[in-house]
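Here the structure is laid out as C-alpha cells; the discussion comes afterwards.
Chains as they are written, first to last, in the numbering used here: chain A, 320 to 578; chain B, 6 to 262.
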C-alpha cells in the first residue's frame, strides 16, 4: 500500500527555518522530519511513498536522488565521471516525487498524484510536519473493519493552559493543571482512504479538510481512529526545539525503529 | 542563432536566503529568472543557449544537469538506487554553461564564449531582465540595416519621474507625453560575428564596446514599445512576482505545457 505525504505547503509559521527549505525538510536530529515520518511507516512495513512536492520541491527531490550516495561509502572515478556506491543497503523505500504545484490546495495535490496510486483500492495519507507513535497496523485494521471511505487519526494534544473554574464574584473554585483528557480531539493526519475518496475531491480547488471532509462526514463515510499515544506537529520553532530536545535525550516517542 | 545570456554577476540581494543566489537563479513562481528568459526565447524559436556564468556557476550547472528531475515527477528506488522518470516534460533546449570568471565585466564575458557561437550572428541578453521583445522582428530589423550590432531600446521602467524642461532649464510642468522622448538600453543585442573583434579587455559592453561601434557608425537601435523590466531591486522583484502570480506576466509568451 502506498503512503502519500503532503509536502508542498509554504510552512510560513516556521519562517526562520523555512526561508531556506520547505517545512518537511526542517531537521530533527540532523534528518528531515519527512524522513522521520517515513521511518514510522517503514517500521510497519510500508515502503512505497508518494511525496506531493510544491514549495522548494527541488530540495526534496535532491535529497532523495542523493540519498543513496550520501548513506553509503562511495568511490568516484574522475577519469570517466562515474561513481560506485559500496555498501548498497540504505532504505527499502520506493519514493515517488511529484510536482503538485506551488500554491495548489491539498485536495488538488491528492488529485495530481492519483495516477501513482495505480489500481490500489486503498492508500494512506499524512502531513509532512507531524510525528507520532501511531500504531499504523492497528489503524489499518480499524479502517478495514469499519469499511467506510476514510479514517483519520485523532489525538488530544497536550494542554497548554491550565483550566480554572471560577465561581461567584470571581472566586477561584478549582485549578486544574493542563489536563490532556479535557482537550478536544484534533486531526493528526495518519489517514487511510479507499480510492472512492477521489470522488469527493471535486476539481481540487479546496483544502481536503474543508468541503471533502465535510461531505464525507455528512455521508457517514469518515471514522476517527483515536490515538491515545504521543503526537506532535511541527508548526513553529517552539515545536521544533521540543522535538529536537526529545531526540537528543533519546526520548523521541515516534522513534519506533531500531538503529 | 544562439542566445548568449549574461549570468555571471555578483550575488543577488533580492531574497533573504542565507546563501546568496546568483541573480538569474532567483525564483519567480518557483522557477529561476533564467528559466523565464529561456522559455521566452524558446517560444520565439531560439532553443540554443550559451550561459556566461561566474558567481556560483556550480549552481547553474547543477540546475541544468538535474533539469529533468526538477521538471518531471520521479520515483527513486533506494533498494537499487535507480531513478525512473514519469511524464518527462523536459525542454528541447541545448544549453552550454561557460565559466567566464568571477570578476569579468560583460564585454569580456561575451568575448570568452565566442567559440561556442555559430552562424553569422547571435543574440546577447542580460540574465536579470524580463521583457516581451519580439526578437524575430529585431533580427529582421538587424538584417535589413546591415550594421554590426543592433541594440534594443525600451521605455524606462518609470522608477524616476522624467522632468520636462527646456534648454534653458525652465520647468515645463506635468507633461504626460514626456516619456515619448526617453529611451533606455534593455541590454538585449544582436551581434554580427565580426563584432566580436571589438570585444577586447575587461570592460562592460556599454563603456567600451558600444562606444567603438558608435565611432564606426556600426550600431543601430530597435525601439521596443512593449514591456521591459530589470529585476534589480526588491521592488522590481515583488512587481514581477505579483505579475506572475496574477497570471499577467507580459514576458510569458509560451503556452502551459
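Virtual Cβ for every residue (Gly too), placed ideally from N, Cα, C.
Cα-Cα separation, residue i to residue j
| i | j | result |
| --- | --- | --- |
| residue 138/B | residue 433/A | 40 Å |
| residue 14/B | residue 468/A | 55 Å |
| residue 363/A | residue 8/B | 53 Å |
| residue 168/B | residue 188/B | 14 Å |
| residue 107/B | residue 210/B | 17 Å |
| residue 420/A | residue 463/A | 32 Å |
| residue 146/B | residue 154/B | 11 Å |
| residue 174/B | residue 69/B | 53 Å |
| residue 471/A | residue 572/A | 20 Å |
| residue 531/A | residue 340/A | 29 Å |
| residue 481/A | residue 502/A | 11 Å |
| residue 539/A | residue 233/B | 56 Å |
| residue 555/A | residue 256/B | 37 Å |
| residue 458/A | residue 545/A | 9 Å |
| residue 360/A | residue 454/A | 9 Å |
| residue 566/A | residue 411/A | 23 Å |
| residue 114/B | residue 178/B | 44 Å |
| residue 513/A | residue 84/B | 28 Å |
| residue 121/B | residue 352/A | 45 Å |
| residue 143/B | residue 194/B | 9 Å |
| residue 537/A | residue 345/A | 36 Å |
Outcome for residue i when other beta-carbon atoms lying within 10 angstroms are tallied against a minimum of 16
| i | result |
| --- | --- |
| residue 161/B | exposed |
| residue 203/B | buried |
| residue 357/A | buried |
| residue 406/A | exposed |
| residue 511/A | buried |
| residue 32/B | buried |
| residue 133/B | buried |
Contact set for residue i: own chain, Cβ-Cβ below 8 Å, skip 5 residues either direction
| i | result |
| --- | --- |
| residue 98/B | 43, 47, 52, 53, 54 |
| residue 141/B | 49, 50 |
| residue 117/B | 57, 103, 105, 106, 109 |
| residue 65/B | 12, 27, 29, 30, 39, 56, 58, 102 |
| residue 499/A | 475, 476, 477, 478 |
| residue 250/B | 34 |
| residue 504/A | 473, 474, 475, 543, 545 |
Close-in-space but distant-in-sequence residues of the same chain around residue i (CB under 7 Å, 5 per side omitted)
| i | result |
| --- | --- |
| residue 387/A | 404, 409 |
| residue 78/B | 91, 92 |
| residue 76/B | 94, 95 |
| residue 515/A | 468 |
| residue 201/B | 116, 119 |
Whole-angstrom C-beta distance between residue j and residue i, which should lie under 8 Å
| i | j | result |
| --- | --- | --- |
| residue 402/A | residue 391/A | Actually they are not in contact, since the Cβ atoms of residue 402/A and residue 391/A sit about 10 Å apart, beyond 8 Å. |
| residue 550/A | residue 425/A | Wrong, their Cβ atoms sit about 19 Å apart, outside the cutoff. |
| residue 373/A | residue 328/A | 7 Å |
| residue 191/B | residue 157/B | 5 Å |
| residue 323/A | residue 520/A | Residue 323/A to residue 520/A, Cβ: 13 Å. No contact. |
| residue 258/B | residue 61/B | 28 Å between Cβ atoms; not a contact. |
Neighbour list for residue i in chain A, Cβ cutoff strictly below 9 Å
| i | result |
| --- | --- |
| residue 81/B | 380, 383, 384, 386, 387, 412, 413, 414, 415, 416 |
Where residue i meets chain B, residues with beta-carbon distance less than 7 Å
| i | result |
| --- | --- |
| residue 421/A | 34, 35 |
| residue 377/A | 75 |
Proximal chain B residues relative to residue i, where beta-carbon distance stays under 9 Å
| i | result |
| --- | --- |
| residue 404/A | 86 |
| residue 605/A | Residue coverage of chain A in this structure runs from 320 to 578, which leaves residue 605/A outside it and unanswerable. |
Contacting residues, own chain, Cβ-Cβ under 6 Å from residue i (five flanking each side not counted)
| i | result |
| --- | --- |
| residue 435/A | 369, 415 |
| residue 197/B | 126, 153 |
| residue 484/A | 492, 493 |
| residue 88/B | 79, 81 |
Chain-ordered neighbours of residue i on chain A, where CB pairs are closer than 7 Å
| i | result |
| --- | --- |
| residue 78/B | 415, 416, 417, 418 |
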